[in-house]
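Asker:
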Amino acid sequence: MEAVASVSQERGLHRVCPGCGVDTEAVHFCERCGRILPTPQGLDYFALLGVEHRLDLDPQMLERSYYALSRRCHPDVYQMRSSEERELSLEKSSAINVAYATLADPVQRTEYLLKQEGLGVDQAGNRVPPAIAAQLFEVQEALVESQSGERTLEMLERLAACATQLQADAERSVERLTQLGREWSQRPDRTLLEQLQQEAVQLRYLRGHAAQAVAALAAGSEQSQVREA
Ligand SMILES: [Zn+2]
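Its first residue numbered -3, the sequence shown is counted upward by one per residue in the numbering used here.
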């Protein structure tokens, strides 16, 4: 019995409430006296916000969970309390904000979960997805062209067409990612996760290149304004 208690204590799940002395596994507040508690080690963003570990989270439910927690942890509430409690409220508030910012965005949520599963987007991100390789090559060409020599209207039009196409493709990629996430939440299997990883990598490339094309266009139109003036 002793050994079991000390193991779960080590993992930070099982603690004694400093307020009332009750044994507790609560994440944020003692169930008996309501005191703010140290956050157990190693909790993921889903557990931190008290929501299910799935990709098809209901945004309103997530928002409600976040607001309820963030009101209760708010440092203003702890102004007259011990320094330990004030410290905990600051720590929790900032951890909750980071977790919410990540989970509230479907793409970031997916990337976060993939990373938890050892399928991070960065690890797989060095290879251009074959399905969009030709398209990206064309964009690269247009970008190089726009950076060297004089900018022609034709060049800017080509860049604008690339940017529009990339943005539309990125939107479709987000839709596929959302759909796959929904499927995985119903039926969590590894193949779906691997498909999610591929889609997430592809989306990064599409968004990255779209941003570059838009930046090059902005630079291009500034230049032509200067020329006209
Ligand atoms: Zn207590």
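C-beta: ideal position from N, C-alpha, C; glycine also. If you're wondering where the values come from, they're calculated on a predicted model, not measured in any experiment.
(1) With three or more beta-carbon pairs closer than 8 Å as the criterion, would you say the region 75 to 82 touches the region 36 to 47?
(2) Buried or exposed: which applies to H205, given that a residue is buried once 16 or more other Cβ atoms fall within 10 Å of its Cβ?
(3) With DSSP as the reference, label R172 as helix, strand or coil.
(4) What is the C-beta distance between L53 and T106, in whole angstroms, given that I count them as a contact (C-beta under 8 Å)?
(5) For L58, I'd like the list of residues in its chain whose CB is within less than 8 Å of its CB, leaving aside the five on either flank, ordered along the chain.
(6) Please classify D165: does DSSP put it in a helix, a strand, or coil?
(7) Exposed or buried, which one is L110 when buried takes at least 16 other CB atoms within 10 Å?
(8) Where does T12 fall in DSSP's three states?
(9) Considering only heavy atoms of ligand 1, does any lie closer than 7 Å to the CB of C158?
(10) Quick one: what's got a C-beta closer than 8 Å to L155's C-beta in the same chain, skipping five residues either side?
(11) Decide yes or no for the touch test of the region 144 to 158 against the region 173 to 189: beta carbon pairs closer than 8 Å, at least 3 of them.
(12) What residues in its chain sit with their C-beta under 7 Å from that of T132, if we drop five residues either side in the sequence?
(13) Quick one: what's got a C-beta closer than 7 Å to D19's C-beta in the same chain, skipping five residues either side?
(14) Given the structure, does R68 come close to ligand 1, in the sense that its CB is under 7 Å from one of the ligand's heavy atoms?
(15) Give me, in chain order, the residues of the same chain whose beta-carbon lies closer than 8 Å to that of E195; leave out the 5 immediate sequence neighbours on both sides.
(16) Between V23 and P36, which are expected to be in contact by the criterion C-beta below 8 Å, what is the C-beta distance as a whole number of angstroms?
(17) Pull up the distance between the alpha-carbon of G38 and that of Q112, whole angstroms please.
(18) Report buried or exposed for A130, applying the criterion of at least 16 other Cβ atoms within 10 angstroms of its Cβ.
(19) Can you give me the C-alpha to C-alpha distance between L199 and E167, rounded to a whole angstrom?
(20) Suppose contacts are defined by Cβ-Cβ distances below 8 Å. Is S85 in contact with V103 by that definition?
(21) Rounded to the nearest angstrom, how far is the Cβ of C115 from that of L189, given a contact under 8 Å?
Answerer: Considering the structure as presented:
(1) no
(2) Taking the first residue of the sequence shown as position 1, residue 205 is located at position 209. H205 should be labelled buried.
(3) The residue you call residue 172 lines up with position 176 of the sequence shown. Note: R172 maps to helix in three-state DSSP.
(4) Indexing the sequence shown from 1 puts residue 53 at position 57. Indexing the sequence shown from 1 puts residue 106 at position 110. Their Cβ separation, rounded to whole angstroms, is 11 Å, which puts L53 and T106 out of contact at 8 Å.
(5) Numbered from its first residue, the sequence shown carries residue 58 at position 62. Excluding residues within five positions, the ones whose Cβ falls inside 8 Å are L45, V47, Y96, L99, A100.
(6) Looking up residue 165 in the sequence shown gives position 169. Here D165 sits in helix by DSSP.
(7) What you label residue 110 is simply residue 114 of the sequence shown in a count that begins at 1. When all chains shown are included, L110 counts as buried.
(8) One-based indexing of the sequence shown puts residue 12 at position 16. The question names Thr, but residue 12 is Val in the sequence shown. Of the three classes helix, strand and coil, the one that applies to V12 here is strand, per DSSP.
(9) Residue numbering aside, residue 158 sits at position 162 when the sequence shown is read from its first letter. No, the beta carbon of C158 sits no closer than 7 Å to any heavy atom of ligand 1.
(10) What you label residue 155 is simply residue 159 of the sequence shown in a count that begins at 1. The answer, listed in chain order, is A138, L139, S142, A209, A212, L213, G216.
(11) no
(12) If you number the sequence shown from 1, residue 132 lands on position 136. For the sequence presented, residue 132 should be read as Leu rather than Thr. Here the set comprises V124, Y201, H205.
(13) Within the sequence shown, residue 19 is the residue found at index 23, counting from 1. Same-chain partners within the cutoff: H10, V12.
(14) Position 72 of the sequence shown, counted from the first residue, corresponds to residue 68. No, Cβ of R68 sits at least 7 Å from all heavy atoms of ligand 1.
(15) In the sequence shown, counting from the first residue as 1, residue 195 sits at position 199. So the list reads S169, R172, L173, L176, once near-sequence residues are dropped.
(16) As a position in the sequence shown, residue 23 is number 27, starting the count at 1. As a position in the sequence shown, residue 36 is number 40, starting the count at 1. Contact flag correct, Cβ pair sits at about 6 Å.
(17) The residue you call residue 38 lines up with position 42 of the sequence shown. The residue you call residue 112 lines up with position 116 of the sequence shown. C-alpha separation (whole angstroms): 12 Å.
(18) In the sequence shown, counting from the first residue as 1, residue 130 sits at position 134. A residue is called buried when at least 16 other Cβ atoms come within 10 angstroms of its Cβ; A130 does not meet this threshold and is exposed.
(19) Counting from one through the sequence shown, the residue named residue 199 turns up at place 203. Counting from one through the sequence shown, the residue named residue 167 turns up at place 171. Cα-Cα distance, rounded: 9 Å.
(20) The residue you call residue 85 lines up with position 89 of the sequence shown. The residue you call residue 103 lines up with position 107 of the sequence shown. For S85 and V103, no; Cβs fall outside 8 Å.
(21) Within the sequence shown, residue 115 is the residue found at index 119, counting from 1. Within the sequence shown, residue 189 is the residue found at index 193, counting from 1. With the sequence shown as reference, residue 115 is identified as Leu, and Cys is not the correct amino acid for it. That pair is a contact at about 6 Å.
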